[in-house]
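**Q** In this note's numbering, the protein residues as written are 32 to 308.
Every residue, glycine too, gets a C-beta built ideally from N, C-alpha and C.
The structure under discussion is supplied below as structure tokens; questions concerning it will follow.
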């Protein structure tokens with residue numbers, strides 16, 4: 032083997048060793064940076080949990096923000112490991128940011144929507160919401176998605192942009208809610224008696240607020256029944272239990288008072304048909 036070949040092999044070896052060290056260093060930086068980012072996220076979460084001055088809705092978002100900030104520095108450190116200059120890194124990140132922004136417009140819209148949700152606060156963690164068919168109790172408002180669970184224990188992950196672009200009904204925002212229950216009675220029954228039964232039921236339940244006052248209203252003259260609406264106000268926490276209890280107690284109370292709750296019925300008159308002999 033001549034001297035020229037030996038020099039080429041030595042040069043190739045030096046280059047290979049140099050790049051191997053750079054690659055190994057980059058791998059170490061990524062692993063260590065990933066561990067640090069996750070640990071910092073958990074540390075921030077614990078620190079925020081101990082603080083009562085910060086709303087619970089912001090805590091997961093701030094912790095995720097810290098993690099992503101550390102990962103950005105990790106990427107810059109990896110690029111520097113391969114000899115990329117700082118100005119080149121900034122230019123590269125700018126170009127990459129523009130390319131990623133154009134390719135991931137939906138993702139960036141989720142981030143913007145998440146920031147708007149956190150700023151304007153149409154709902155917070157623990158609220159039950161309905162956004163035009165997307166409903167559930169809010170668990171986490173993240174950087175990209177909002178995580179919820181439904182009444183029947185189903186996990187739901189919704190992109191922030193979908194929630195921001197819909198009309199949101201927040202059932203937990205206000206402390207009180209109005210309950211309307213409709214009971215149909217027969218046209219032959221006494222309205223005053225039925226009204227008294229329903230009014231007494233509401234007066235005897237401590238979950239019903241005194242102000243605004245409870246009411247029993249004749250709301251509709253239906254095809255088969257006179258509809259009475261039991262209207263009252265209660266706290267948001269007691270709404271569903273009161274709804275189920277009053278539905279049952281209202282039916283039983285009316286039946287005990289001799290009031291008929293008719294089912295839909297219709298009389299059919301046949302004209303021109305010859306009676307059977």
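Entirely within the stretch 235 to 278 and at least 3 residues each: give me those beta strand (DSSP E) ranges in chain order.
**A** Here the runs fully enclosed are 246 to 252, 257 to 266.
**Q** Quick one: what's residue 162 bridged to in DSSP?
**A** Position 131 of the chain shown holds residue 162. For residue 162, which the question treats as bridged, DSSP gives the partners 165, 199.
**Q** How many Å lie between residue 242 and residue 264 at the Cα?
**A** Numbered from its first residue, the chain shown carries residue 242 at position 211. Numbered from its first residue, the chain shown carries residue 264 at position 233. Roughly 8 Å between the two C-alpha positions.
**Q** Would residue 260 and residue 228 qualify as a contact pair, given that the criterion is a beta-carbon distance under 8 Å?
**A** The residue labelled residue 260 in the question sits at position 229 within the chain shown. The residue labelled residue 228 in the question sits at position 197 within the chain shown. No; because the gap between Cβ atoms is not below 8 Å, this pair is not in contact.
**Q** I need the boundaries of the beta strand (DSSP E) containing residue 211, first residue and last residue.
**A** The residue given as residue 211 occupies position 180 in the chain shown. Residues 207 to 216.
**Q** Using C-beta distances below 6 Å, list every residue in its chain close to residue 190, excluding the 5 sequence neighbours before and after it, in chain order.
**A** Residue numbering aside, residue 190 sits at position 159 when the chain shown is read from its first letter. Excluding positions up to five away in sequence, the list reads 141, 176.
**Q** Between the beta-carbon of residue 247 and the beta-carbon of residue 230, is there less than 8 Å?
**A** Reading the chain shown from its first residue, position 216 is the one you call residue 247. Reading the chain shown from its first residue, position 199 is the one you call residue 230. Yes, the Cβ-Cβ distance between residue 247 and residue 230 is below 8 Å.
**Q** Go through its chain and collect everything with a Cβ distance to residue 95's Cβ below 8 Å, but skip five positions before and after it.
**A** As a first step, residue 95 must be located in the chain shown, where it is residue number 64. Once the five neighbours on either side are set aside, the close Cβ partners of residue 95 are 72, 173, 174.
**Q** Where do the ends of the beta strand (DSSP E) carrying residue 299 lie?
**A** Locating residue 299 in the chain shown gives position 268, counting from the first residue. It is not in any beta strand (DSSP E) - residue 299 carries neither H nor E in the DSSP assignment.
**Q** Whose CA, out of 150, 267, 166, lies closest to the CA of residue 184?
**A** Residue 184 sits at position 153 when you count from the first residue of the chain shown. For residue 184, the nearest C-alpha among the options comes from 166.
**Q** Roughly how many angstroms separate the alpha carbons of residue 105 and residue 65, rounded to a whole number?
**A** The sequence position of residue 105 within the chain shown is 74, counting from 1. The sequence position of residue 65 within the chain shown is 34, counting from 1. When rounded, the distance between both Cα atoms is 8 Å.
**Q** Take every Cβ of the stretch 288 to 295, pair it with every Cβ of the stretch 207 to 224, and state whether three or more of those distances are shorter than 8 Å.
**A** Verdict: yes, contact present.
**Q** Identify whether residue 153 lies in helix, strand or coil by the three-state DSSP scheme.
**A** Here residue 153 corresponds to residue number 122 of the chain shown, with the count starting at 1. In the structure shown, residue 153 sits in coil (DSSP, three-state: anything other than H, G, I, E or B).
**Q** Return helix, strand or coil for residue 190, following the three-state DSSP convention.
**A** The residue given as residue 190 occupies position 159 in the chain shown. Three-state DSSP puts residue 190 in a strand.
**Q** Determine the DSSP secondary structure at residue 62, reduced to helix, strand or coil.
**A** Position 31 of the chain shown, counted from the first residue, corresponds to residue 62. Correct three-state label for residue 62: helix.
**Q** Let me make sure I understand the geometry here. Which of 150, 69, 151, 201 has the alpha-carbon closest to that of residue 160?
**A** Taking the chain shown and counting its residues from 1, one reaches residue 160 at position 129. Among 150, 69, 151, 201, the Cα nearest to that of residue 160 is on 201.
**Q** So, for residue 284: in the same chain, excluding its five sequence neighbours on each side, which residues have a beta-carbon less than 6 Å away from its beta-carbon?
**A** Here residue 284 is taken as the residue at index 253 of the chain shown, counted from 1. Taken in chain order, the residues that qualify are 228, 232.
**Q** Between the Cα of residue 93 and those of 60, 59, 145, spot the shortest distance and give me the residue it belongs to.
**A** Taking the first residue of the chain shown as position 1, residue 93 is located at position 62. When only C-alpha atoms are compared, the closest one is 145.
**Q** Rounded to whole angstroms, what's the CA-CA distance from residue 211 to residue 223? Just pull it up for me.
**A** Taking the chain shown and counting its residues from 1, one reaches residue 211 at position 180. Taking the chain shown and counting its residues from 1, one reaches residue 223 at position 192. C-alpha separation (whole angstroms): 19 Å.
**Q** Once you ignore the five residues that flank residue 208 on each side, which residues in its own chain have a CB closer than 8 Å to its CB?
**A** Locating residue 208 in the chain shown gives position 177, counting from the first residue. So the list reads 202, 264, 265, 266, 267, 270, once near-sequence residues are dropped.
**Q** Would DSSP call residue 291 helix, strand or coil?
**A** Residue 291 sits at position 260 when you count from the first residue of the chain shown. Coil.
**Q** Any idea what DSSP makes of residue 181, helix, strand or coil?
**A** The residue given as residue 181 occupies position 150 in the chain shown. The answer is coil: DSSP assigns residue 181 none of H, G, I, E or B.
**Q** According to DSSP, simplified to helix, strand and coil, what is residue 170?
**A** Working through the chain shown from its first residue, we reach residue 170 at position 139. Here residue 170 sits in strand by DSSP.
**Q** Please classify residue 237 as buried or exposed, where buried requires at least 16 neighbouring CB atoms within 10 angstroms.
**A** Here residue 237 refers to the residue found at position 206 when the chain shown is read from its first residue. So residue 237 counts as exposed.
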